[in-house]
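Accompanying notes for the structure given below.
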Amino acid sequence: MMLIKAVIERTLSAIACIGTVAAMALPNTAASQAGAATNFPDKPVKLVVPFPAGGASDILARLVGKELSELWKQTVLIENKPGAAGHLGGQYVAASKPDGYTMLVADLSILTMTPSLMDKMTYNPAKELTSVAILAYSPHILVVKNQMPVKTFDEFIAYAKAQKNPVSIGVTLGTSTHLAGVVLSKSLGFEYNFIGYKGGAQVVSDLAGGQIDSTLNSFLATYPMVKAGNFRLIAVASPKRFGQIPDTMTIAERSPDFVTGSFQGVVTAAGTPPEIVAKINADIMKVVAKPEVQKRFAELGSEGVPYNPVAMQKWLVDQTAYWGKVIKDNNIKLQ
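Counting with mature numbering (1 follows the signal peptide of the UniProt record, and there is no 0), you get residues -36 to -1, 1 to 299 for the letters of the sequence shown.
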């Protein structure tokens, strides 16, 4: 579907430009702002992940958290607060003291999609959270249980269309995997039976056990289990054949313009002093740029993304409006 490709390409293009501007501006603006935040942090920092351990957000939080801990010479705690499609973790951070010591690390779709998917939210992400950084982008991959009698994407499409009972797909409710599954089934002309989970780690665990038929999940969290033989890789949702799996067909080869993935980012409570946000921003940029971190990102099938907090905040607001229309037009609600 053109709408998903447009979102991904527009986002990657915009963030690339933002990164260039940020790289040029930081030596002057960040230096002056950071002066007031020289002592940050002077106590432990908490990174809240709104999903169970083992998913993409959790993996990146632990990777970046370890590097920040070494840079800051302070403890960086990872706290998993799953529930309500990421809503509980987001609400917790929004209600925290606006001092930068409590941050949310998550698939940014919980901020741009969940508000339109839930009938009632107890906080407003656009107003009660402020942007810090976009960490990485990872394409989604379509995988199926080993018991399914298909080995190619074409075979999967034919199989899904032929079933009396819809093929089941495990999704993290309210995230990009959820909406991508909706659009995929509609674009290819078959029905999915959506099975909702609190996080991607639970999805892939049940898929490995054969409790569900398939999932469209981030490469980062899913591919290691493909390599281990736990389930079968069918297709990738990247714009073109993906570097680590060049022989795997893209979904766009059968559903033109279908491109989707997850953007992982960092936000904190609104009202956090700009100089603190700038300090965290600069420090995250520093650790993400380290060769060993870039290498690890590549191994995880993720692409480090340059960022700027002000532009990221605008992007979140714009994406919320965009996906709100998609959700309304397709009458999608959390199950």
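A virtual CB, placed ideally from N, CA and C, is assigned to each residue, including glycine.
Those residues which DSSP pairs with residue i across a bridge
| i | result |
| --- | --- |
| Lys109 | Phe195 |
| Ala97 | Val230 |
| Thr39 | According to DSSP, Thr39 bridges with nothing at all. |
| Phe158 | Ile133 |
| Ser103 | Note that residue 103 corresponds to Pro in the displayed sequence, not to Ser. According to DSSP, which records beta bridges pairwise, Pro103 is partnered with Gly225. |
| Ser178 | Val108 and Ile133 |
| Leu11 | Ile42 and Met67 |
| Gly268 | Ala100 |
| Val200 | Ile105 and Thr214 |
Cβ neighbours of residue i in the same chain (closer than 8 Å, five flanking residues each side left out)
| i | result |
| --- | --- |
| Thr116 | Ile198 and Met213 |
| Lys45 | Val12, Val13, Pro14, Leu52, Gly53 and Tyr56 |
| Ala25 | Leu11, Val13, Ile42 and Val69 |
| Asp247 | Leu32, Leu35 and Trp36 |
7 Å Cβ shell around residue i - same chain, five flanking residues per side excluded
| i | result |
| --- | --- |
| Asn172 | Looking at the sequence provided, one finds Ala at residue 172 rather than Asn. Cβ within range, chain order: Met189, Asn194 and Phe195. |
| Asn110 | Phe195 and Arg196 |
| Val(-16) | Only weak support is given to the placement of Val(-16): the predicted model assigns it a pLDDT of 40, under 50, and the value that follows is read from those uncertain coordinates. Correct list, in chain order: Asn272. |
| Ser21 | Val13, Phe15, Val69, Ala70, Asp71 and Gln228 |
| Lys289 | none |
| Gly47 | Lys162 |
| Gly29 | Leu11, Val40 and Ile42 |
Residue from the options whose Cα sits closest to the Cα of residue i
| i | options | result |
| --- | --- | --- |
| Met249 | Ala234, Val230, Gly235 and Ala262 | Val230 |
| Gly64 | Tyr271, Asn272 and Pro238 | Pro238 |
| Ala70 | Gly53, Pro62 and Asp211 | Gly53 |
| Ala275 | Val96, Asn110 and Met77 | Val96 |
| Gly207 | Ala285, Met67, Gln228 and Ser102 | Ser102 |
| Trp36 | Arg218, Lys292, Lys7 and Ala59 | Lys7 |
| Glu155 | Ile209, Lys128 and Ser219 | Lys128 |
| Met112 | Lys191, Val200 and Tyr123 | Tyr123 |
| Asp293 | Glu34, Asp118, Val146 and Tyr271 | Val146 |
| Pro270 | Asn245, Lys259 and Lys278 | Asn245 |
| Ile240 | Leu24, Ser33, Gly47 and Met67 | Met67 |
| Ile291 | Lys61, Lys150, Lys125 and Leu143 | Leu143 |
| Lys91 | Arg205, Asp83, Glu256 and Ala59 | Ala59 |
| residue 301 | Arg26, Pro62, Pro89 and Lys84 | Outside the displayed range of the chain (-36 to 299) lies residue 301, so it cannot be described from this structure. |
| Ser226 | Glu256, Ala201, Ala262 and Arg26 | Ala201 |
| Trp287 | Ala192, Gly138 and Ile209 | Gly138 |
| Lys297 | Lys84, Glu119 and Val9 | Lys84 |
Anticipated Cβ contact below 8 Å, residue i with residue j, distance rounded
| i | j | result |
| --- | --- | --- |
| Phe183 | Gly265 | 4 Å |
| Ser140 | Thr86 | No, Ser140 and Thr86 are not in contact; Cβ-Cβ is about 22 Å, not under 8 Å. |
| Leu93 | Ala233 | 7 Å |
| Leu41 | Leu11 | 7 Å |
| His51 | Thr78 | 6 Å |
| Ser219 | Leu148 | 7 Å |
| Val251 | Glu31 | 4 Å |
| Ile74 | Ala49 | 6 Å |
| Thr76 | Thr284 | 5 Å |
| Val114 | Val108 | 6 Å |
Own chain partners of residue i with C-beta closer than 6 Å, once the 5 adjacent residues on each side are dropped
| i | result |
| --- | --- |
| Asn295 | none |
| Ile121 | Leu152 |
| Ile159 | Ser132, Gly134 and Ile176 |
| Ala185 | Gly19, Ala20 and Gly164 |
| Pro130 | Glu155, Tyr156 and Asn157 |
| Pro62 | Ala233, Gly235 and Thr236 |
| Leu(-11) | Model confidence at Leu(-11) stands at a pLDDT of 44, short of 50, so the residue's coordinates are unreliable; what they give is reported in the following sentence. Once the five neighbours on either side are set aside, Leu(-11) has no close Cβ partner at all. |
TODO: Spell out a yes or no on whether the stretch 132 to 141 and the stretch 166 to 182 are touching, meaning 3 or more CB-CB pairs, one atom from each, closer than 8 Å.
DONE: yes
- [ ] Inspect the CB distances between the stretch 10 to 17 and the stretch 155 to 171 and report whether three or more fall short of 8 Å.
- [x] Yes: the two stretches touch, three or more of their Cβ pairs being nearer than 8 Å.
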